[in-house]
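Numbering-wise (this note's numbering), the sequence shown opens with residue 1006 and increments by one.
Taking it in order: structure first as structure tokens, then the write-up.
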Amino acid sequence: MARSDLIIKLVKAGVSGNENEVRATAEAIAADEHAKKHSGVADRIRHVLETTWQKQTSDKTQHQGVRIRDGSGGIQRRETYKQLSELYLTKPTRNACHELIEEQHCADILRANGLEPRHRLLLAGPPGNGKTSLAEALATELALPLFVVRYDAVVTSYLGETAQRLRRLFDFIKTEPCVLFFDEFDAIGKERGDLHETGEIKRVVTTLLLQLDDLPTYCVLIGATNHPELLDRATWRRFELRLDIGKPTDSQMTSYFSDQLKQLPGATGYTAKRLLSDVKPKNFSEAENFFLDIRRRIALSRGEITIRSIISDRIRMWQEKIEIPGEFIHHGAKINHPIS
Ligand SMILES: Nc1ncnc2c1ncn2[C@@H]1O[C@H](COP(=O)(O)OP(=O)(O)OP(=O)(O)O)[C@@H](O)[C@H]1O
Ligand SMILES: [Mg+2]
């Protein structure tokens, strides 16, 4: 349950019609719920905020002209709550992020010395280890809005149209400080067979490079990719910071397991090392899912089953789960893969 002072504040703001206060208070409630590990409630509040806010914004901007009309079609604003301290990162990655944040926060000092802060960052690495989470955490730490590029709204097969949309998107972005997140950054040069066939891809990449060069330093661009080898060398060079968000090391995963075990409401009878060797997650995303499963079971058992037996039961189920391409087999039941 959310804190009562926040609920009262929300009601007051709603009754007095103070839209900004409603939004800020709802965000505070979501953050509070998130901190209490009620991610479901927090996500639902954010979803309502995002969808309602976007609709209202687009309704309003129909009358406001340029700003939204001219570029925001390809981007989505996302609220961020993740913090850098929540993520398990290698020391060099964490240090590099702190440097970027410091340079952005102290841009005035740099400019007074004829220097600019770095603002183009590439995150590369296999799925599920925190590229998107890190982009969100950086936006939170920089206290800037996070704009996520929607490829479906940018890339089209009409000649010249993709490059034009990209230009419009960047024009929009440049109007205020923000973090611009290009997930699957390689997608612009990849997978789009239709773009390749018309020679369009060259035009798109050229536009992208020009836009990257022109981007003001108060806009922080973060690209993420699982396939850095597919990036054009010229594009690669544009990024001043390139961080390898690789597979978690054993010691990172052990710390993750140890912290997660400590957060469970009671004795578990497991050490982090033993549990890790039983579960062997491929990435943080799998590890997170494992512990979410356990927390759900603990909540639903209403104290009638010991945490230890919930965990051992989950380990057995986890080990029985077999994934093969195109389909999942879980406990003997065969489920078609949603994308097959
Ligand atoms: N380094 C990490 N520390 C803590 N949690 C993490 C870390 N990496 C991933 N997670 C958790 O795993 C989930 C998936 O992470 P995320 O979406 O950031 O991965 P990704 O690298 O962007 O994956 P993809 O390449 O599939 O987009 C998130 O909910 C996040 O909380
Ligand atoms: Mg991602």
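Beta carbons are placed, not taken as given, at the ideal position from N, Cα and C, and that holds for glycine.
Shown here for Gly1133: same chain residues with a beta carbon closer than 8 Å to its own, the five before and five after excluded, namely Lys1287, Asn1288, Phe1289, Ser1290, Glu1291 in chain order. Secondary structure of Ala1229 (DSSP, three-state): strand.
In the DSSP assignment, Phe1289 falls within the alpha helix (DSSP H) that extends over 1289 to 1306. For Pro1253, the number of other beta carbons within 10 angstroms of its own is at least 16, and it is reported as buried. Proximity of the region 1144 to 1151 to the region 1179 to 1196 meets the contact definition, three or more beta-carbon pairs being nearer than 8 Å. For the pair Asp1264 and Ala1018, the Cα-to-Cα distance works out to about 38 Å.
In this structure, the straight-line span from the alpha carbon of Ile1299 to that of Asp1318 is close to 9 Å. For Ile1080, the uninterrupted beta strand (DSSP E) run begins and ends at 1080 to 1083, by DSSP. Per DSSP, Leu1128 lies in no alpha helix (DSSP H) segment; the continuous beta strand (DSSP E) that holds it begins and ends at 1125 to 1129. Between ligand 2 and the CB of Thr1137, the shortest heavy atom gap is smaller than 6 Å. The straight-line gap separating the alpha-carbon atoms of Val1284 and Leu1120 is approximately 48 Å. A direct Cα-to-Cα measurement between Val1159 and Pro1233 gives close to 21 Å.
Contact between Leu1054 and Ala1031 holds: their C-beta atoms lie close to 6 Å from each other, under 8 Å. Within the region 1138 to 1171, complete alpha helix (DSSP H) segments of at least 4 residues are found at 1156 to 1159, given in chain order. In this structure, Ala1129 places its C-beta atom within 7 Å of the C-beta atom of Thr1230. Around the C-beta of His1124, 16 or more other C-beta atoms lie within 10 Å, and the residue is accordingly described as buried. No heavy atom of ligand 1 is found nearer than 6 Å to the CB of Pro1286.
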